[in-house]
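In the UniProt record's numbering, the protein residues as written are 1 to 374. First comes the structure, then the notes that go with it.
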Amino acid sequence: MVTDGRRARGDASRRTVLARATQLASVEGLDGLSIGALATATGRSKSTIATLFGDKQGLQLATIDAAAEVFREHVVETARRVPHGAGRIAALLAAMLVYSRDRVFEGGCFFAAVSADLDSKPGPAADAVRSWTRQWHDYVERQLRTAMECGDLRTDTDVDQLAFELIALAEGANVRSLLANDARPYARAASAISSALLRAGPRPRRSGRSSCSHPRRPVTLPGPRQGVEKCSRQGQGRGMRLLGLVVAAVLACALCGCSTQAEQLTDASASGVAAVRSSALALELAADGREWRPASDTALADALTELSDAHRTLIELVPGDAEQEQARDSVADALQRALGAVAGARAALAHGDELDGWIAQLDDAADALEGAAG
């Protein structure tokens with residue numbers, strides 16, 4: 001079969017132009033996307049752009065479709081590598097954070113950018129964006145319902161509300177990061193997403209305080225170099241890894257793609273804060289019942305590893321000036337103190353000691369680390 005060379009060239013040209021169109025629209029909005037503006041941005045003639053897309057409306061719709069495909073590839077397909085359940089939800093939201101944080105589109109999340117541009121306007125382009133938004137929410141909701149069927153969420157979970165909250169956290173991180181030119185909102189959102197999933201999961205029964213009779217059967221949230229076991233209604237081995245999700249969700253977007261010392265400093269401190277906060281959550285859950293203690297110990301061990309990695313990253317940095325050196329040393333000292341607090345908490349857990357004091361120490365260590373990071 002002979003391929004039509006002109007058609008192949010036309011398809012290639014269309015893909016190239018759409019790649020630039022999605023970038024331009026993520027910054028300027030769809031109203032700022034015109035045949036003339038795109039011709040200037042791509043170095044092509046207006047007649048070429050018009051031949052490819054017809055008119056401005058055709059260009060806008062094609063750009064929305066192209067952006068949706070990019071989102072699907074970077075977010076949905078990435079998460080599909082993880083089996084159904086809470087792990088899939090975690091992977092989905094972590095991938096969305098990374099998609100925004102890595103600036104796949106120059107203006108952050110494409111659909112957040114164009115939604116602000118079109119939110120109250122009528123027309124086919126606005127309808128297409130609204131349709132995509134509904135489909136994305138519905139997809140997250142379906143994944144949550146599947147997680148419920150797997151036993152990873154309580155059966156009384158308000159799935160629609162939880163989907164709204166999880167998506168809102170990711171979208172909020174996108175907006176805050178763009179406004180402040182700061183990567184830390186992603187780590188905060190990842191930690192909040194992990195906490196929301198933990199709260200929605202079945203909790204162990206605590207004598208005199210809960211009528212829930214179902215044991216917690218958690219899962220591991222995907223992080224770098226970390227797998228997730230298959231969704232199953234059996235297998236307590238899977239449950240032993242739930243609390244690793246708190247740290248692992250942050251790892252999906254922290255300490256990746258750093259290009260400057262300032263970014264490395266920010267990401268190391270944000271990863272450290274998330275590790276310490278997750279340790280405090282682990283102790284709180286361990287206080288709920290002895291069945292939580294093995295999972296809590298695993299979470300604390302993971303936190304120690306991440307804190308050690310973050311500390312080592314900072315120690316290996318070569319500051320460019322005295323100010324950078326002072327900032328690095330301040331965060332490194334706070335990470336070292338956090339390591340001591342987590343190690344002490346883990347020892348207390350192993351010895352069966354009172355945990356409330358250690359929970360307070362971990363909260364203080366996280367606050368100190370945030371303060372050191374400025």
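In this text, a Cβ means the ideal position worked out from N, Cα and C, and glycines have one as well.
If you reduce the DSSP assignment to three classes, tell me which class residue i lands in.
{"i": "V104", "result": "coil"}
{"i": "A180", "result": "helix"}
{"i": "G344", "result": "helix"}
{"i": "D158", "result": "coil"}
{"i": "G223", "result": "Confidence at G223 is low in this model, with a pLDDT of 35, below 50, so its placement is unreliable and the value that follows should be read with caution. Residue state, collapsed to three classes: coil."}
{"i": "L92", "result": "helix"}
{"i": "L243", "result": "Reliability fails at L243, whose pLDDT of 37 lies under 50, so the model's placement of it is uncertain and no value is given."}
{"i": "P294", "result": "helix"}
{"i": "E354", "result": "coil"}
{"i": "V273", "result": "helix"}
{"i": "R44", "result": "coil"}
{"i": "G172", "result": "helix"}
{"i": "R199", "result": "helix"}
{"i": "D117", "result": "helix"}
{"i": "R14", "result": "helix"}
{"i": "H311", "result": "helix"}
{"i": "S34", "result": "coil"}
{"i": "G87", "result": "helix"}
{"i": "R217", "result": "Low per-residue confidence applies at R217: pLDDT is 32, beneath 50, and the placement is therefore not dependable, though the value from the model is reported in the following sentence. It is coil, neither helix nor strand."}
{"i": "residue 379", "result": "Outside the shown range of the chain (1 to 374) lies residue 379, about which nothing can therefore be said."}
{"i": "R80", "result": "coil"}
{"i": "G58", "result": "helix"}
{"i": "P124", "result": "helix"}
{"i": "D321", "result": "coil"}
{"i": "L283", "result": "helix"}
{"i": "E316", "result": "coil"}
{"i": "L153", "result": "coil"}
{"i": "L362", "result": "helix"}
{"i": "Q143", "result": "helix"}
Taking the alpha-carbon of residue i as reference, which of the options has the nearest alpha-carbon?
{"i": "E354", "options": "A303, D309, R293", "result": "R293"}
{"i": "residue 375", "options": "E284, S120, A343", "result": "Residue 375 lies beyond the residue range present for the chain, which begins at 1 and ends at 374; the question has no answer from this structure."}
{"i": "A192", "options": "A275, G151, Y139", "result": "A275"}
{"i": "S100", "options": "A187, Q324, T51, L349", "result": "A187"}
{"i": "Q336", "options": "R103, V273, L33", "result": "V273"}
{"i": "A303", "options": "R290, D288, E316, L281", "result": "L281"}
{"i": "D297", "options": "A21, A347, E149, S13", "result": "A347"}
{"i": "V98", "options": "R80, H74, K121", "result": "H74"}
{"i": "A91", "options": "A21, Q143, Q361", "result": "Q143"}
{"i": "V17", "options": "D31, V27, A39, G32", "result": "A39"}
{"i": "W132", "options": "R176, R145, T63, L339", "result": "T63"}
{"i": "E306", "options": "D288, R277, V114, V175", "result": "R277"}
{"i": "S177", "options": "D267, D367, L362", "result": "D267"}
{"i": "Q361", "options": "A372, A350, A341", "result": "A341"}
{"i": "F122", "options": "D31, A113, N181", "result": "At residue 122 the sequence reads Pro, which differs from the Phe that was named. When each option's Cα is compared against that of P122, the closest is D31."}
{"i": "R290", "options": "A310, G352, A334, S271", "result": "G352"}
{"i": "R103", "options": "Q326, N174, R154, G371", "result": "N174"}
{"i": "D158", "options": "W136, S194, R199", "result": "R199"}
{"i": "A332", "options": "G344, A322, A310", "result": "A310"}
{"i": "I89", "options": "D152, D288, A327", "result": "D152"}
{"i": "residue 376", "options": "G201, D127, D119", "result": "Nothing can be reported for residue 376, as the shown portion of the chain is limited to 1 through 374."}
{"i": "A287", "options": "D356, A322, D329", "result": "D356"}
{"i": "W136", "options": "A322, L349, M96, P124", "result": "M96"}
{"i": "L317", "options": "R328, S308, E323", "result": "R328"}
Contact defined as beta carbons within less than 8 Å: I believe residue i pairs with residue j. What is the distance between those atoms, to the nearest angstrom?
{"i": "A183", "j": "G172", "result": "Contact doesn't hold; Cβ gap of about 14 Å is too wide."}
{"i": "F111", "j": "A168", "result": "14 Å between Cβ atoms; not a contact."}
{"i": "G29", "j": "D138", "result": "Actually they do not touch by this definition, with Cβ atoms about 25 Å apart."}
{"i": "A196", "j": "E149", "result": "A196 to E149, Cβ: 19 Å. No contact."}
{"i": "A12", "j": "I35", "result": "Not confirmed; about 19 Å, so no contact."}
{"i": "L314", "j": "L369", "result": "Incorrect: roughly 12 Å between the Cβ atoms, too far for contact."}
{"i": "V70", "j": "T22", "result": "7 Å"}
{"i": "S269", "j": "A299", "result": "Incorrect: roughly 20 Å between the Cβ atoms, too far for contact."}
{"i": "A365", "j": "A338", "result": "4 Å"}
{"i": "V129", "j": "A163", "result": "Not quite, the Cβ-Cβ distance comes to about 18 Å (not below 8 Å), so this is no contact."}
{"i": "R80", "j": "L52", "result": "Wrong, their Cβ atoms sit about 31 Å apart, outside the cutoff."}
{"i": "A334", "j": "A372", "result": "4 Å"}
{"i": "A126", "j": "S26", "result": "Not confirmed; about 16 Å, so no contact."}
Could one say the Cβ of residue i lies closer than 9 Å to chain C's Cβ atoms, at least one of them?
{"i": "E284", "result": "The structure shown contains no chain C, having only a single protein chain."}
Comparing the CB of residue i with every heavy atom of the ligand SAM, is any distance shorter than 8 Å?
{"i": "T305", "result": "Here there are no bound small molecules, and the ligand SAM is not part of this structure."}
(request) Determine, using beta-carbon pairs with one atom in the region 101–111 and one in the region 38–45, whether at least three such pairs fall under 8 Å. (result) Segments in contact, no.
(request) Would you check if there are 3 or more beta carbon pairs closer than 8 Å linking the region 81–88 to the region 45–64? (result) In short, these stretches do not touch, since the Cβ pair count stays below three.
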